[in-house]
Amino acid sequence: MFYGEYDHTIDEKSRLTLPARFRNAFAGGIERNIDVFPRESWDANVSRIAELDSLTREAREMKRYVFAGAAVAELDKQGRVIVPLTLAEHAGIGKDVIVAGVHDHIEIWDRATWAAQLSAIEGSAGDVAERLADRRS
(Lines of atoms letter the chains of each structure in order from A and count residues from 1; the text may use other names and numbers.)
(Lines give C-alpha, C1' and ligand atoms only; values in the text may rest on other atoms or scores of the structure.)
Protein backbone atom coordinates (compact mmCIF):
# COMPACT_ATOMS: atom_id res chain seq x y z
CA MET A 1 0.00 0.00 0.00
CA PHE A 2 1.30 3.45 -0.89
CA TYR A 3 0.76 6.43 1.36
CA GLY A 4 2.47 9.68 2.32
CA GLU A 5 3.68 12.77 0.54
CA TYR A 6 7.31 13.43 -0.42
CA ASP A 7 9.01 16.54 -1.87
CA HIS A 8 11.39 15.68 -4.70
CA THR A 9 13.04 17.24 -7.73
CA ILE A 10 13.56 16.07 -11.28
CA ASP A 11 17.18 16.37 -12.36
CA GLU A 12 18.56 17.77 -15.61
CA LYS A 13 18.35 14.33 -17.25
CA SER A 14 14.59 14.07 -16.47
CA ARG A 15 15.20 11.54 -13.69
CA LEU A 16 13.17 11.40 -10.51
CA THR A 17 14.43 9.54 -7.46
CA LEU A 18 11.49 7.69 -5.98
CA PRO A 19 11.11 7.54 -2.22
CA ALA A 20 12.84 4.41 -0.90
CA ARG A 21 9.58 3.03 0.53
CA PHE A 22 8.03 2.96 -2.99
CA ARG A 23 10.89 1.36 -4.90
CA ASN A 24 10.17 -2.30 -4.28
CA ALA A 25 6.70 -2.28 -5.85
CA PHE A 26 7.02 -1.36 -9.30
CA ALA A 27 1.24 5.03 -17.12
CA GLY A 28 -0.36 9.30 -17.49
CA GLY A 29 -2.86 10.33 -14.95
CA ILE A 30 -6.40 11.36 -15.68
CA GLU A 31 -5.82 14.59 -13.78
CA ARG A 32 -2.80 16.90 -14.12
CA ASN A 33 -0.44 14.35 -12.65
CA ILE A 34 1.39 11.16 -13.56
CA ASP A 35 0.08 7.89 -12.13
CA VAL A 36 2.67 5.19 -11.46
CA PHE A 37 1.35 1.68 -10.93
CA PRO A 38 3.09 -1.49 -9.83
CA ARG A 39 2.42 -4.27 -12.35
CA GLU A 40 -0.40 -5.92 -10.35
CA SER A 41 -2.41 -2.70 -9.95
CA TRP A 42 -1.81 -1.74 -13.58
CA ASP A 43 -3.04 -5.15 -14.77
CA ALA A 44 -6.23 -4.78 -12.70
CA ASN A 45 -6.92 -1.37 -14.26
CA VAL A 46 -6.15 -2.66 -17.75
CA SER A 47 -8.73 -5.41 -17.27
CA ARG A 48 -11.42 -2.90 -16.32
CA ILE A 49 -10.66 -0.59 -19.25
CA ALA A 50 -10.34 -3.47 -21.74
CA GLU A 51 -13.87 -4.59 -20.83
CA LEU A 52 -15.34 -1.27 -21.97
CA ASP A 53 -17.44 -1.54 -25.13
CA SER A 54 -15.29 -0.20 -27.98
CA LEU A 55 -18.41 0.54 -29.98
CA THR A 56 -19.04 3.54 -27.72
CA ARG A 57 -17.16 6.78 -28.35
CA GLU A 58 -16.40 7.24 -24.63
CA ALA A 59 -14.81 3.79 -24.35
CA ARG A 60 -12.63 4.36 -27.43
CA GLU A 61 -11.51 7.73 -26.11
CA MET A 62 -10.70 6.31 -22.66
CA LYS A 63 -8.71 3.44 -24.19
CA ARG A 64 -6.75 5.83 -26.42
CA TYR A 65 -6.06 8.20 -23.57
CA VAL A 66 -4.87 5.55 -21.14
CA PHE A 67 -2.99 3.15 -23.41
CA ALA A 68 -1.41 5.63 -25.83
CA GLY A 69 -0.22 7.74 -22.90
CA ALA A 70 1.23 4.86 -20.90
CA ALA A 71 4.95 4.18 -20.61
CA VAL A 72 6.94 1.40 -19.00
CA ALA A 73 9.61 2.70 -16.65
CA GLU A 74 12.50 0.90 -14.99
CA LEU A 75 14.23 2.03 -11.83
CA ASP A 76 18.00 2.34 -12.00
CA LYS A 77 20.26 1.17 -9.15
CA GLN A 78 19.87 4.52 -7.37
CA GLY A 79 16.07 4.25 -7.37
CA ARG A 80 15.62 6.80 -10.16
CA VAL A 81 13.17 6.66 -13.01
CA ILE A 82 13.15 8.72 -16.19
CA VAL A 83 9.98 10.80 -16.44
CA PRO A 84 8.94 10.78 -20.11
CA LEU A 85 8.76 14.30 -21.52
CA THR A 86 5.23 13.79 -22.88
CA LEU A 87 3.94 12.77 -19.44
CA ALA A 88 5.76 15.63 -17.72
CA GLU A 89 4.25 18.09 -20.19
CA HIS A 90 0.77 16.60 -19.72
CA ALA A 91 1.06 17.01 -15.97
CA GLY A 92 2.67 20.45 -16.14
CA ILE A 93 5.58 19.12 -14.13
CA GLY A 94 8.71 21.17 -13.74
CA LYS A 95 11.65 20.50 -11.48
CA ASP A 96 9.88 20.51 -8.10
CA VAL A 97 7.40 17.70 -7.60
CA ILE A 98 5.39 15.89 -4.98
CA VAL A 99 5.36 12.09 -4.96
CA ALA A 100 2.17 11.01 -3.19
CA GLY A 101 1.15 7.51 -2.17
CA VAL A 102 -2.48 6.82 -3.14
CA HIS A 103 -3.24 3.31 -1.89
CA ASP A 104 -2.53 1.07 -4.92
CA HIS A 105 -0.30 3.49 -6.87
CA ILE A 106 1.72 6.67 -6.55
CA GLU A 107 1.07 10.01 -8.18
CA ILE A 108 3.65 12.55 -9.31
CA TRP A 109 2.42 16.16 -9.21
CA ASP A 110 3.93 19.54 -9.89
CA ARG A 111 4.38 20.98 -6.39
CA ALA A 112 2.20 24.07 -6.98
CA THR A 113 -0.54 22.03 -8.69
CA TRP A 114 -0.53 19.60 -5.75
CA ALA A 115 -0.96 22.45 -3.28
CA ALA A 116 -3.91 23.79 -5.30
CA GLN A 117 -5.44 20.29 -5.49
CA LEU A 118 -5.21 19.84 -1.72
CA SER A 119 -6.64 23.28 -1.11
CA ALA A 120 -9.59 22.56 -3.40
CA ILE A 121 -10.54 19.32 -1.65
CA GLU A 122 -9.66 20.28 1.91
CA GLY A 123 -12.98 21.87 2.81
CA SER A 124 -15.12 19.13 1.27
CA ALA A 125 -13.29 15.98 2.42
CA GLY A 126 -15.61 15.45 5.39
CA ASP A 127 -18.74 15.78 3.25
CA VAL A 128 -17.37 13.41 0.63
CA ALA A 129 -16.43 10.86 3.31
CA GLU A 130 -19.99 10.93 4.65
CA ARG A 131 -21.55 10.49 1.20
CA LEU A 132 -19.24 7.58 0.41
CA ALA A 133 -19.93 5.98 3.78
CA ASP A 134 -23.66 6.17 3.04
CA ARG A 135 -23.13 4.19 -0.18
CA ARG A 136 -21.68 1.25 1.75
CA SER A 137 -24.83 0.75 3.83
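Letter by letter, the sequence shown follows residues 8 to 144 in this note's numbering.
Note that CB positions come from ideal geometry on N, CA and C, so glycine has one too.
Check: At a cut of 8 angstroms, does the region 59 to 71 reach the region 103 to 120 through at least three beta carbon pairs?
Finding: no
Item checked: residue 59 versus residue 99: straight-line alpha-carbon distance, rounded -> On the sequence shown, residue 59 is found 52 positions in, with the first residue counted as 1. On the sequence shown, residue 99 is found 92 positions in, with the first residue counted as 1. Rounded to whole angstroms, residue 59 to residue 99 spans 29 angstroms at the Cα level.
Notebook entry, point to check: Can you tell me the Cα-Cα spacing of residue 4 and residue 114, whole angstroms?
Noted result: Look at the range of the chain in this structure, 8 to 144, and you will see that residue 4 is not part of it.
Next item on the list: Report yes if the C-beta distance between residue 91 and residue 78 is below 7 angstroms; otherwise report no.
Entry: Reading the sequence shown from its first residue, position 84 is the one you call residue 91. Reading the sequence shown from its first residue, position 71 is the one you call residue 78. Yes, Cβ-Cβ distance for residue 91 and residue 78 is below 7 angstroms.
Check: Exposed or buried, what is residue 139 when buried is set at 16 or more other beta-carbons lying within 10 Å of its beta-carbon?
Finding: As a position in the sequence shown, residue 139 is number 132, starting the count at 1. By the 10 Å Cβ count, residue 139 comes out exposed.
Margin query: Below 8 angstroms on the Cβ atoms is my contact criterion, and I expect residue 102 with residue 17 to pass it. Report the Cβ-Cβ distance as a whole number of Å.
Written below: As a position in the sequence shown, residue 102 is number 95, starting the count at 1. As a position in the sequence shown, residue 17 is number 10, starting the count at 1. With a Cβ gap of about 5 angstroms, residue 102 and residue 17 count as contacting.
Next item on the list: Throw me the rounded Cβ distance for the residue 7 and residue 112 pair, which I believe falls under 8 angstroms.
Entry: Residue 7 is absent from the structure shown; the chain starts at 8 and stops at 144.
Notebook entry, point to check: When you compare each of 55, 129 and 119 to residue 15 by their alpha carbons, which one comes out closest?
Noted result: Here residue 15 corresponds to residue number 8 of the sequence shown, with the count starting at 1. Of the candidates 55, 129 and 119, the one whose C-alpha sits nearest the C-alpha of residue 15 is 119.
Next item on the list: Out of 82, 52 and 39, state which residue places its alpha-carbon closest to the alpha-carbon of residue 122.
Entry: Taking the sequence shown and counting its residues from 1, one reaches residue 122 at position 115. Ranking the options by Cα distance to residue 122, first place goes to 39.
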